[in-house]
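A.B. asks: Can you keep this structure in mind? I'll have questions shortly.
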Amino acid sequence: MATPDASPSDPREAAESAEAKTLALDGGRRLTYAEYGDSDGVPVVFLHGAPGSRLLGALFDAAAEERGIRVLAPDRPGYGRSSSRPTSEEPGDPSQGSAPTPSGDFFDALLDDIGAQSAGLVAFSGGSRDALAVAAARPDGVRHVSVVAGAVPPETREETPRTQRFLSWLATNAPALLSYLFRGQAWLAGVLDPSVVVAQYTADDAETVPDGVAVVVRDDFVAAVSRSRRGVVDDFRTAAAPWDVPLDDIETDVSLWHGDADTNVPIAGVRRLESEISGARLREVRGADHLRTLLRSAPGVLDEQRRAARSLDPVDSAGPSEPTAPAESHHRV
Numbered sequence: 001m002a003t004p005d006a007s008p009s010d011p012r013e014a015a016e017s018a019e020a021k022t023l024a025l026d027g028g029r030r031l032t033y034a035e036y037g038d039s040d041g042v043p044v045v046f047l048h049g050a051p052g053s054r055l056l057g058a059l060f061d062a063a064a065e066e067r068g069i070r071v072l073a074p075d076r077p078g079y080g081r082s083s084s085r086p087t088s089e090e091p092g093d094p095s096q097g098s099a100p101t102p103s104g105d106f107f108d109a110l111l112d113d114i115g116a117q118s119a120g121l122v123a124f125s126g127g128s129r130d131a132l133a134v135a136a137a138r139p140d141g142v143r144h145v146s147v148v149a150g151a152v153p154p155e156t157r158e159e160t161p162r163t164q165r166f167l168s169w170l171a172t173n174a175p176a177l178l179s180y181l182f183r184g185q186a187w188l189a190g191v192l193d194p195s196v197v198v199a200q201y202t203a204d205d206a207e208t209v210p211d212g213v214a215v216v217v218r219d220d221f222v223a224a225v226s227r228s229r230r231g232v233v234d235d236f237r238t239a240a241a242p243w244d245v246p247l248d249d250i251e252t253d254v255s256l257w258h259g260d261a262d263t264n265v266p267i268a269g270v271r272r273l274e275s276e277i278s279g280a281r282l283r284e285v286r287g288a289d290h291l292r293t294l295l296r297s298a299p300g301v302l303d304e305q306r307r308a309a310r311s312l313d314p315v316d317s318a319g320p321s322e323p324t325a326p327a328e329s330h331h332r333v
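Below you can see the structure in the form of structure tokens.
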């Protein structure tokens, strides 16, 4: 079992108490999201990875509450309780060209629902493509983008881990089989120790991850693929194709938080991605693997989102003073 959670706030409580709200989208589609942090705070949209769900946003709850941040965490299209992407956005055969650009209608729906004109964007792992596409298409709606342990376009990768290559191959050539495999994994995850799921995101001993975090990560995986596997199949198929995302159109600042021990997404590709986005900055998290990058960077990510909101709208974003993230948690490269 994982060691007891020593943090003052257990993310399990936030995940269990967060109400799931469902919005209607065009074409009879739906979007489900949960809120964490300060309900009256600065809005920040959190996009989970592949696979993932709205439950992962619970890992930001305590830090967001402390900083006056309102985290909106949707089930991305095809995950959890959210509908799949529109037919026009469905990825085809990667060998035939780029994957369609995400429309970002989920982002518009979230802002409309809370009556906001803009919000910050935080994306973890496989959520990076959606975040960068939204930032490129909505320069006035996105205040700042924080990509944490983010996936990168295939053309920037020095190497792709073998497991990811296999999953992308299955998504392209045998999607029904991949869906079946994830369905089986979800069942197993529900009956095995949470550390089994956590091990997919860590480079060393998964059992050192606090209990509360491990349970949320496990429950996030189960919620992501229990109802539908369409989202994860689409994401892994897309991962094999060039991204049809106009990176040159991104006007807002982008921070790329990445661990130098991340074996899920090696940092070399992130360094190349940094050079392709104007205004992007790499923030290297020393000694951190995929999951620990998310855990250790969360305070700094929310701090920079708070600063961005204040600089653009100093009156509306007035709120609690900004705590300082531990200096050892990251350094700029």
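In terms of UniProt numbering, the sequence shown opens at residue 1 and continues consecutively.
Just so it is clear, CB atoms sit at the ideal spot from N, CA and C, and this is done for glycine as well.
This one's a predicted model, so the numbers in the text were calculated from it and none came from an experiment.
Going straight from the alpha carbon of residue 57 to that of residue 125, what length do you get?
C.D. replies: Taking the first residue of the sequence shown as position 1, residue 57 is located at position 57. Taking the first residue of the sequence shown as position 1, residue 125 is located at position 125. Rounded to the nearest angstrom, the two C-alpha atoms are 13 Å apart.
A.B. asks: Under DSSP, the beta strand (DSSP E) around residue 283 begins and ends at which residues?
C.D. replies: Numbered from its first residue, the sequence shown carries residue 283 at position 283. Start and end: 280–285.
A.B. asks: Report yes if the CB atom of residue 80 is closer than 8 Å to the CB atom of residue 227, and no otherwise.
C.D. replies: Taking the sequence shown and counting its residues from 1, the one referred to as residue 80 is at position 80. Taking the sequence shown and counting its residues from 1, the one referred to as residue 227 is at position 227. Taking 8 Å as the Cβ cut-off, residue 80 and residue 227 qualify as a contacting pair.
A.B. asks: Which whole runs of the alpha helix (DSSP H) in the region 11–39 are 4 residues long or more, in chain order?
C.D. replies: You should have 11–17.
A.B. asks: Rounded to whole angstroms, what is the Cα-Cα separation between residue 150 and residue 28?
C.D. replies: Your numbering for residue 150 matches position 150 in the sequence shown. Your numbering for residue 28 matches position 28 in the sequence shown. Residue 150 and residue 28: Cα-Cα distance of roughly 30 Å.
A.B. asks: Provide the residue(s) that pair with residue 120 in DSSP beta bridges, ordered along the chain.
C.D. replies: Here residue 120 refers to the residue found at position 120 of the sequence shown. Bridge partners of residue 120: 44.
A.B. asks: Grab me the residues of residue 10's own chain with a C-beta within less than 6 Å of its C-beta, minus the 5 sequence neighbours each way, in chain order.
C.D. replies: The residue given as residue 10 occupies position 10 in the sequence shown. Hits under 6 Å: 212.
A.B. asks: Considering only the beta carbon of each residue, do residue 230 and residue 49 sit closer than 8 Å?
C.D. replies: As a position in the sequence shown, residue 230 is number 230, starting the count at 1. As a position in the sequence shown, residue 49 is number 49, starting the count at 1. Result no, Cβ atoms of residue 230 and residue 49 do not sit closer than 8 Å.
A.B. asks: Count the C-beta pairs between the region 256–273 and the region 283–295 that are closer than 8 Å, then say yes if the count reaches three, no if not.
C.D. replies: At 8 Å Cβ cutoff, the stretches touch.
A.B. asks: Between the region 194–203 and the region 126–146, do at least 3 Cβ pairs fall closer than 8 Å?
C.D. replies: No: the two stretches stay apart, fewer than three of their Cβ pairs being nearer than 8 Å.
A.B. asks: Alpha carbon to alpha carbon, how far is residue 177 from residue 195?
C.D. replies: If you number the sequence shown from 1, residue 177 lands on position 177. If you number the sequence shown from 1, residue 195 lands on position 195. Approximately 25 Å, taken between the alpha carbons.
A.B. asks: In the DSSP assignment, what are the bridge partners of residue 256?
C.D. replies: On the sequence shown, residue 256 is found 256 positions in, with the first residue counted as 1. In DSSP, residue 256 forms a bridge with 147, 282.
A.B. asks: Report the residue from 83, 127, 70, 75 whose alpha carbon sits nearest the alpha carbon of residue 153.
C.D. replies: As a working note, residue 153 is residue 153 in the sequence shown. When only C-alpha atoms are compared, the closest one is 127.
A.B. asks: Consult DSSP for residue 341 and reduce its assignment to one of helix, strand or coil.
C.D. replies: The shown model of the chain, from 1 to 333, leaves out residue 341, and the question about it has no answer.
A.B. asks: Can the beta-carbon of residue 280 be found closer than 8 Å to that of residue 143?
C.D. replies: Against the sequence shown, residue 280 aligns to sequence position 280. Against the sequence shown, residue 143 aligns to sequence position 143. No. Outside cutoff.
A.B. asks: So which of 312, 311, 300 has the shortest CA-CA distance to residue 64?
C.D. replies: Taking the sequence shown and counting its residues from 1, one reaches residue 64 at position 64. Minimum Cα distance to residue 64 is reached at 300.
A.B. asks: Relative to the C-alpha of residue 248, which candidate in 274, 287, 24 has its C-alpha closest?
C.D. replies: Taking the first residue of the sequence shown as position 1, residue 248 is located at position 248. Ranking 274, 287, 24 by Cα distance to residue 248 puts 274 first.
A.B. asks: Considering only their Cβ atoms, is the gap separating residue 239 from residue 168 smaller than 8 Å?
C.D. replies: Residue 168 sits at position 168 when you count from the first residue of the sequence shown. Residue 239 sits at position 239 when you count from the first residue of the sequence shown. Yes, the Cβ-Cβ distance between residue 168 and residue 239 is below 8 Å.
A.B. asks: How would you label residue 97, buried or exposed, when you count the other beta carbons within 10 angstroms and need 16 or more for buried?
C.D. replies: Counting from one through the sequence shown, the residue named residue 97 turns up at place 97. Because the pLDDT of residue 97 is 49, which lies under 50, any placement of that residue in the model is unreliable, and the number read from its coordinates should be weighed accordingly. Burial call: exposed.
A.B. asks: Can you check whether the CB of residue 72 is closer than 8 Å to the CB of residue 110?
C.D. replies: The residue given as residue 110 occupies position 110 in the sequence shown. The residue given as residue 72 occupies position 72 in the sequence shown. Closer than 8 Å, so yes.
A.B. asks: Look at residue 14 and residue 36 and say whether their C-beta atoms are less than 8 Å apart.
C.D. replies: Here residue 14 refers to the residue found at position 14 of the sequence shown. Here residue 36 refers to the residue found at position 36 of the sequence shown. The answer is yes: Cβ separation under 8 Å.
A.B. asks: Note down, in chain order, each residue of its chain lying with its Cβ closer than 6 Å to the Cβ of residue 141, except the 5 sequence neighbours on either side.
C.D. replies: For this step, residue 141 is matched to residue 141 along the sequence shown. The answer, listed in chain order, is 118.
A.B. asks: When DSSP labels each residue in this structure, what does residue 157 get in the three-state scheme?
C.D. replies: Translated into positions along the sequence shown, residue 157 becomes position 157. Of the three classes helix, strand and coil, the one that applies to residue 157 here is coil, per DSSP.
A.B. asks: So residue 171 is in the alpha helix (DSSP H); what residue range does that whole segment cover?
C.D. replies: Looking up residue 171 in the sequence shown gives position 171. 162–173 is the span of the alpha helix (DSSP H), which, as asked, contains residue 171.
A.B. asks: Going by alpha carbons, who is nearest to residue 244 out of 113, 137, 283?
C.D. replies: By 1-based counting over the sequence shown, the position of residue 244 is 244. If we check each option's Cα against that of residue 244, 137 comes out closest.
A.B. asks: What residue range is occupied by the uninterrupted beta strand (DSSP E) comprising residue 71?
C.D. replies: Indexing the sequence shown from 1 puts residue 71 at position 71. Start and end: 69–74.
A.B. asks: Could you pull out every residue in the same chain whose Cβ sits closer than 7 Å to the Cβ of residue 246, ignoring the five residues on either side in sequence?
C.D. replies: Here residue 246 refers to the residue found at position 246 when the sequence shown is read from its first residue. Here the set comprises 136.
A.B. asks: Determine whether the beta carbon atoms of residue 145 and residue 216 lie at a separation below 8 Å.
C.D. replies: Position 145 of the sequence shown, counted from the first residue, corresponds to residue 145. Position 216 of the sequence shown, counted from the first residue, corresponds to residue 216. Not a contact, by the Cβ cut-off of 8 Å.
A.B. asks: State the DSSP-derived secondary structure class of residue 245, mapped to helix, strand or coil.
C.D. replies: Position 245 of the sequence shown, counted from the start, is the residue given in the question as residue 245. DSSP places residue 245 in coil when its eight states are reduced to three.
A.B. asks: Taking all protein chains shown into account, decide if residue 17 is buried (16 or more other Cβ within 10 angstroms of its Cβ) or exposed.
C.D. replies: In the sequence shown, residue 17 corresponds to position 17, counting from 1. Flag for residue 17 reads exposed.
A.B. asks: Residues in the same chain with beta-carbon distance under 6 Å from residue 186, minus the five sequence neighbours each way, listed in chain order, please.
C.D. replies: As a working note, residue 186 is residue 186 in the sequence shown. Excluding sequence neighbours, residue 186 sits near 222, 225, 226.
A.B. asks: So the candidates are 191, 106, 41, 188; which of them puts its Cα closest to the Cα of residue 33?
C.D. replies: As a working note, residue 33 is residue 33 in the sequence shown. Among 191, 106, 41, 188, the Cα nearest to that of residue 33 belongs to 106.
A.B. asks: Which one of 311, 61, 218, 82 has the shortest CA to CA distance from residue 22?
C.D. replies: By one-based count along the sequence shown, residue 22 stands at place 22. The residue with the shortest Cα to Cα distance from residue 22 is 82.
A.B. asks: For residue 166, count neighbouring Cβ atoms within 10 angstroms of its own Cβ and tell me buried if that reaches 16, exposed if not.
C.D. replies: Here residue 166 refers to the residue found at position 166 of the sequence shown. Under this definition residue 166 is an exposed residue.
A.B. asks: Would DSSP call residue 79 helix, strand or coil?
C.D. replies: Indexing the sequence shown from 1 puts residue 79 at position 79. Here residue 79 sits in coil by DSSP.
A.B. asks: Between the Cα of residue 218 and those of 191, 232, 235, 234, spot the shortest distance and give me the residue it belongs to.
C.D. replies: For the purposes of this step, residue 218 is identified with residue 218 of the sequence shown, where counting begins at 1. Per the Cα distances, 191.
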